[in-house]
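Report on one structure; see the data block that follows.
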Amino acid sequence: MASWEFTVQHDIMASPDRVCQVWLDGTESRGPWVGDGERHLDPREGGNFSWDDRNFSDLGGGGGCWGHWGKFTKINNKSLPYNIEYTWKSQWTDQYETMVLVSLDVDKTDERFTKVTLSMTGLPDNRHGYEHKNAWIRILGEMGAKFWGNAEVKDKRPKVLH
Numbered sequence: 057m058a059s060w061e062f063t064v065q066h067d068i069m070a071s072p073d074r075v076c077q078v079w080l081d082g083t084e085s086r087g088p089w090v091g092d093g094e095r096h097l098d099p100r101e102g103g104n105f106s107w108d109d110r111n112f113s114d115l116g117g118g119g120g121c122w123g124h125w126g127k128f129t130k131i132n133n134k135s136l137p138y139n140i141e142y143t144w145k146s147q148w149t150d151q152y153e154t155m156v157l158v159s160l161d162v163d164k165t166d167e168r169f170t171k172v173t174l175s176m177t178g179l180p181d182n183r184h185g186y187e188h189k190n191a192w193i194r195i196l197g198e199m200g201a202k203f204w205g206n207a208e209v210k211d212k213r214p215k216v217l218h
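Below, the structure written as structure tokens:
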């Protein structure tokens with residue numbers, strides 16, 4: 057039974073508009089769609105996504121190539137806090153369809169930063185489920201590091217399918 061869930065937070069030095077834009081753009085190297093595998097995103101409610109995180113050595117996968125797919129179920133990028141919600145399925149969810157909810161808002165202690173809150177539900181209550189938390193902590197940390205000091209610069213990935 058898929059019943060494990062978690063929430064993580066991270067601050068990114070960029071506006072919520074910019075973080076949201078990057079989150080929904082599979083060609084941006086600062087986005088959450090990590091690795092150098094193929095990615096296809098249709099970032100609208102009801103739009104599908106798929107991507108392979110080839111060469112991303114997260115704590116659970118240890119490298120290789122892991123396929124992920126799902127559907128955007130809700131996108132609010134009109135008023136803060138912005139929310140992006142999508143289903144998420146992969147070998148590492150033991151084929152369960154999980155849910156990801158991303159909330160983006162201005163950090164109340166420093167308005168130069170976006171407070172990213174990511175929740176994931178419906179994960180298997182085993183190592184595969186638990187490693188999603190570790191992977192998201194790493195991904196959000198890498199996003200924050202890549203934004204530091206150059207948030208408005210476009211940073212496109214080479215040879216990306218969109």
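Residue numbering for the sequence shown follows the numbering used here, beginning at 57 and increasing consecutively. Note that CB positions come from ideal geometry on N, CA and C, so glycine has one too. Everything numeric in this text was worked out from a predicted model, so none of it was measured.
Could you pull out every residue in the same chain whose Cβ sits closer than 6 angstroms to the Cβ of residue i, ignoring the five residues on either side in sequence?
i: residue 156; result: 142, 144 and 176
i: residue 192; result: 64 and 174
i: residue 158; result: 140 and 174
If you drop the 5 nearest sequence neighbours on each side, which residues of the same chain put their C-beta closer than 7 angstroms to that of residue i?
i: residue 180; result: 58, 60, 149, 150 and 152
i: residue 88; result: 79, 195 and 199
i: residue 160; result: 72, 75, 76, 137, 138, 170 and 172
i: residue 132; result: 138 and 139
i: residue 44; result: Lying before the first or after the last residue shown, residue 44 is absent from the chain, which here runs from 57 to 218.
Please return the same chain residues whose Cβ sits closer than 8 angstroms to the Cβ of residue i, not counting the five positions on each side in sequence.
i: residue 127; result: 102, 103, 104, 105, 142 and 143
i: residue 115; result: At residue 115 the pLDDT is 46, less than 50, meaning the model places this residue with poor confidence; the figure from the coordinates comes in the next sentence. Closer than 8 angstroms at Cβ, skipping near neighbours: 187, 190, 191 and 194.
i: residue 67; result: 163, 166, 169, 170, 171, 172 and 200
Does DSSP classify residue i as helix, strand or coil?
i: residue 194; result: helix
i: residue 65; result: strand
i: residue 161; result: strand
i: residue 177; result: strand
Since I believe residue j is in contact with residue i (beta carbons under 8 angstroms), could you give me their beta-carbon distance rounded to a whole number of angstroms?
i: residue 170; j: residue 85; result: Going by Cβ atoms, the distance from residue 170 to residue 85 rounds to 18 angstroms, so no, they are not a contact pair.
Going by Cα to Cα distance, which pick from the options is closest to residue i?
i: residue 137; options: 204, 91, 164 and 62; result: 164
i: residue 178; options: 123, 154 and 135; result: 154
i: residue 185; options: 146, 197, 202 and 204; result: 146
i: residue 100; options: 130, 125 and 122; result: 130
i: residue 123; options: 134, 94, 135 and 98; result: 94
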